[in-house]
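Colleague:
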Amino acid sequence: MKHLFMTLVSTLGLLSSTTGEEAIPLLAPKAFQAAFQADSTAVILDVRRPSEFAEGHLKGAILLDWLSDKAFVEGLAKLDKSRTHYVYCRSGHRSHAAATLMQSRGFKVVELKGGYLGWVSEGLPVEK
0 MKHLFMTLVS TLGLLSSTTG EEAIPLLAPK AFQAAFQADS TAVILDVRRP SEFAEGHLKG
60 AILLDWLSDK AFVEGLAKLD KSRTHYVYCR SGHRSHAAAT LMQSRGFKVV ELKGGYLGWV
120 SEGLPVEK
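With numbering that gives the first Met the number 0 applied, the sequence shown has no gaps in its numbers, which climb one by one up to 127 at the end.
This is the structure we're talking about:
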């Protein structure tokens, strides 16, 4: 089931590039931080596993585990599409897949380049 879901998301990503959807902004850590700090309605989404989230995450981040298909889709249904969602994972792979799916469902999304690892390597703040 997970393989099917991931295949679907990959296909959606390819389709979006041919149907005129805008590219998802991919921001370096400091630009990502500046963008969500300037956005009073920003939603920061961490799409890693709960164990990764517990080890450290961006302040104010909401956990929405990409690898838990049902929980992820159910979590999306609770999000406000009128707000911008700043999405990250460990290194950028899961967040790109999640952001692609979210964009296809009408969400405005921004991705963190390099993910949590890139954030930490820049010395930016985290919380546990």
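From the three backbone atoms N, C-alpha and C, an ideal C-beta is built for every residue, glycine too.
Quick caveat: nothing in here was measured; it's all calculated off a predicted structure.
1. Mind the definition here: the stretch 110 to 118 touches the stretch 67 to 76 only if three or more C-beta pairs lie below 8 Å; say whether that holds.
2. In this structure, how does DSSP classify residue 73 when only helix, strand and coil are distinguished?
3. Locate the alpha helix (DSSP H) running through residue 119, then write down its first and last residues.
4. For residue 21, does the three-state DSSP call read helix, strand or coil?
5. With distances taken from CA atoms, which of 48, 52, 31, 21 is nearest residue 66?
6. Within the continuous alpha helix (DSSP H) that includes residue 110, where are the two ends?
7. Let me confirm a value: residue 94 is counted as buried when at least 16 other C-beta atoms fall within 10 Å, else exposed. Which label applies?
8. Would you grab the beta carbon distance between residue 40 and residue 104 for me? Rounded to a whole angstrom, and I think it's under 8 Å.
9. Residue 53 to residue 125, Cα distance in whole Å?
10. With distances taken between CB atoms, is the gap from residue 46 to residue 84 smaller than 7 Å?
11. Would you kindly check if the distance between the Cβ of residue 44 and the Cβ of residue 23 is under 7 Å?
12. Residue 0 by DSSP, collapsed to three states: which one?
13. Between 119, 80, 120, which lies nearest to residue 42 when the distance is taken from Cα to Cα?
Modeller: Taking the definition as stated:
1. Too few Cβ pairs lie closer than 8 Å, so no.
2. helix
3. 114 to 120
4. coil
5. 48
6. Careful: residue 110 lies outside any alpha helix (DSSP H), inside the beta strand (DSSP E) at 107 to 111.
7. buried
8. That belief does not hold up - the Cβ atoms of residue 40 and residue 104 are roughly 18 Å apart, past 8 Å.
9. Residue 53 and residue 125 have their C-alpha atoms roughly 11 Å apart.
10. no
11. no
12. Legend: pLDDT at residue 0 = 48, less than 50; position of this residue unreliable, value from coordinates given subsequently. Taken through DSSP and simplified to helix, strand or coil, residue 0 comes out as coil.
13. 80
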